[in-house]
Structures are given as C-alpha cells and as structure tokens.
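Residue numbering for the sequence shown is 51 to 254, as defined by our numbering. Here a beta-carbon is modelled for each residue, glycine too, at the ideal position from N, C-alpha and C. Take a look at the structure set out below.
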Amino acid sequence: MATKNKNDKPTDKNADGEERQVKQESLLEKFFHDQLKDIYYAEQQLLKALEEMKNASTTEELEDAFDNHRTQTERHLKRLEKVFRLLGKPAEGKKCEAMDGIIKEGQSIIKETKEGTMTRDAALIIAAQKAEHYEIATYGGLVQLAITLGKRQAAGLLDKTLQEEEETDSLLTDIAEQHINIEAEEEGYGADVSTKNLAQAPAY
Ligand SMILES: [Fe+2]
Ligand SMILES: [Fe+2]
C-alpha cells in the first residue's frame, strides 16, 4: 500500500519489505497531460474545420492559406503524438468545449456572409484567428509547463508548433490588411441591394 515519506513522495514496499519510490504523476504533471489531450482534440477538430473554411473562401489567396495551415495542423498532431510518446502515454484527445465553440462560430459566419464576397473572406480571417489565438494560448502555456517540469524535449516540440501558430496568425493579419478588408469595405451594400433598401439603410 502506498504511504507517504518525509518528502510527501508516495512510496511502496517491495517483496523484501523495503520502501521504494512509486513513479506517480504530480498534480502539475496530470494537468499538463490533460492540456495535451485538450489541444490534441482541438487540432483534430480544426483539421476538419479548415477544410470547410477553405471551401467557403472567395479568394485563392485565403484558400491557399487555409490549405497550408491544414498541412501544418497535420504536423502539429504528429508532434503532439511524439510528446505523448515521450511521456509514455497513448495519444488521445479530450473534448475541448472552447474549440468546439470557436468552430461553431466559424460555421455561423459562413452561413451569415454571402458566398463569393470579400466580406466572407474578411469574416473567415477573423474566425480563423480566433482559433489561432486559442492554440497560441494553449501551446504558450504548455511550453512553460514543460520547462517547469523539466521536460526539455517536449518543450522544444511544443515551442516549434507555437511559433508556427504565431506565424499563421500574422500571415492572416497581413492578408486582411493588405487588401481583403479594403476590398470588403468597397463592396458596400453588395450587388443585390435594391435602391429601396438603400433608402432605408441607416445614415451614418
Ligand atoms: Fe495547430
Ligand atoms: Fe493553428
């Protein structure tokens, strides 16, 4: 039966009655493992969502950006599997309500914006950046936890992904600022807005 020694480390007795230390996860290690499962699930869901977002894009530029990030996301999953292996744990996900919500919001944005418009792309960029920021927050925290726990190799792998997420985020900002937002603004009320509707539009 596990008992506590002076250092509060769980111990066990072997066949000769000698105490030996039991390899048990600390509370922080458990939390770290739990957060890995969270991001593993989030990346899996994002992989599917990026395909939907790519298909809903107006410009080829945004399509390509989503396509590239899809390939990157596959790599992020592989890296996470490596981290699980380093921990001696099976790679498994745990439902992440936050990413599910962000993806749901992205799906509503697709429904609420007109196909073939630049406004659709401007909106998709914001939806994608919300997902990126969730990933950045999670990987940022995981890197710090891995360092604290002395898991250097895991920290290095997680940091690589963190950097790619940050690059994707700023790439999306660049695409938006360089022309998509401007062209979306120039669309005005859209081609199918009648003069009658324009007359009723609020005056700013
Ligand atoms: Fe990712
Ligand atoms: Fe990402």
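Going by C-alpha distance, which of G138, K104, R170 is nearest H119? K104
Using 10 angstroms around the beta-carbon of K161, count the other beta-carbons present and answer buried if the total reaches 16, otherwise exposed. exposed
Please state if the CB of E165 and the CB of T218 are separated by a distance shorter than 8 angstroms. no
Which same chain residues end up closer than 6 angstroms to L112 when comparing Cβ atoms and leaving out the 5 residues on each side of it in sequence? D171
Kindly indicate the opening and closing residues of the alpha helix (DSSP H) around E214. 202-225
Alpha-carbon to alpha-carbon, K80 and H229: 45 angstroms
With three or more C-beta pairs closer than 8 angstroms as the rule, is the segment 75-94 touching the segment 133-144? yes
Quick check on S158: buried or exposed, where buried means 16 or more other Cβ atoms within 10 Å of its Cβ? exposed
Taking 7 angstroms as the cut-off, does the CB of E185 come closer than this to any heavy atom belonging to ligand 1? yes
Assign Y239 to one of two classes, buried (16 or more other C-beta atoms within 10 Å of its C-beta) or exposed (fewer than that). exposed
Answer yes or no: the CB of E79 versus the heavy atoms of ligand 4, is any distance below 7 angstroms? As presented, the structure is devoid of ligand 4, carrying ligand 1 and ligand 2 as its sole ligands.
Less than 7 angstroms between the CB of E217 and some heavy atom of ligand 2, yes or no? no
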